[in-house]
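Peer 1: Per our numbering, the very first residue in the sequence shown carries number 200; after that it's consecutive.
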Amino acid sequence: MAEGISVDTADLARYHTRAGALSDEIVGAAKNHLAGNLSLPGNLFGDLGHESGLHGSLTDHLDRMHTHVHSVAGSVHDLGQSVHTAKGDYEADEQLFGDQFRRILG
């Protein structure tokens, strides 16, 4: 059994691609399913809704939910970018160490 770390950069590339697609899907879902619900009609709960604070609370909740969904999409995108960067680092290290090994073997 070999010791050390083994990395399949093709797996990292696929992960990066999937993370980007997932991030786009999350943003698309937010636009398609949440964007139309960001504001509530002023008369939705009548005067009681405004006096009790229900209208404002629900509006704030919808805004936070929308913001959170976009934040999740951003986090998924950022993770994919980090994996892409790691892939580049692994490839650069492999090239560098391979070049050094080839020089030694000369």
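Even glycine gets a Cβ: it sits at the ideal position worked out from N, Cα and C.
Keep in mind that this is a model prediction, so the values were computed, not measured.
(1) Between the region 249 to 259 and the region 296 to 305, are three or more C-beta pairs nearer than 8 Å?
(2) Reducing DSSP to helix, strand and coil, say where Ile204 ends up.
(3) Counting pairs of beta carbons, one from the region 268 to 275 and one from the region 214 to 222, are three or more of them closer than 8 Å?
(4) Please state if the CB of His265 and the CB of Ala229 are separated by a distance shorter than 9 Å.
(5) Would a C-beta distance cut-off of 9 Å place Tyr214 and Gly287 closer than the cut-off?
(6) Which value, in whole angstroms, describes the spacing of the CA atoms of Leu211 and Gly227?
(7) Have a look at Asp262 and Phe244 and give me their C-alpha separation to the nearest angstrom.
(8) Excluding the 5 residues preceding and the 5 following Leu313 in the sequence, name in chain order all residues of the same chain whose CB lies nearer than 6 Å to its CB.
Peer 2: By the coordinates alone:
(1) no
(2) coil
(3) Under the three-pair Cβ rule at 8 Å, the region 268 to 275 counts as touching the region 214 to 222.
(4) It is a contact, given that the beta carbons lie within the stated cut-off.
(5) no
(6) 24 Å
(7) 18 Å
(8) One cannot answer for residue 313 here, as it falls past the ends of the chain, which runs 200 to 305.
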